[in-house]
Amino acid sequence: MAEADIGVWLGEVGGALGVPVEDVLPEELRSRLLDLTGDIAHNVVRLAVPLTSYLIGVAVGRGASPADAMAVVAELMPEVKE
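Start counting the sequence shown at 80; every next residue gets the next number (our numbering).
As structure tokens, this is what we get:
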């Protein structure tokens, strides 16, 4: 799937799950989430990305704001050793 098709995919998934993608995953939030998960993939381990994303989603479903949930995870990131 081409990167340009991600909007189509997200629309299909959101529709099937009854989740309005435009409301819950606006561009700015999508960008921040992609940055955070990229950091996780490079600084923790790639396998942690979908599992961490799921935990962020559960936290949001339980009432945390997306920004707060992502900030908590970002604080847990190990320091990058250069």
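Beta carbons are placed, not taken as given, at the ideal position from N, Cα and C, and that holds for glycine.
Pairwise C-alpha distance: residue j and residue i
i	j	result
Ala81	Val103	22 angstroms
Ile85	Glu158	31 angstroms
Val123	Pro129	12 angstroms
His121	Met156	10 angstroms
Rounded Cβ spacing between residue i and residue j (contact assumed at less than 8 angstroms)
i	j	result
Ala127	Ile119	5 angstroms
Val100	Gly93	4 angstroms
Residue range of the unbroken alpha helix (DSSP H) whose run includes residue i
i	result
Arg125	First-last for Arg125: undefined, no H or E at that position.
Gly142	Unbroken run through Gly142: none, as it is neither H nor E.
Gly97	Unbroken run through Gly97: none, as it is neither H nor E.
9 angstroms Cβ cutoff met for residue i and residue j
i	j	result
Val137	Pro145	no
Val152	Leu115	yes
Met149	Arg125	no
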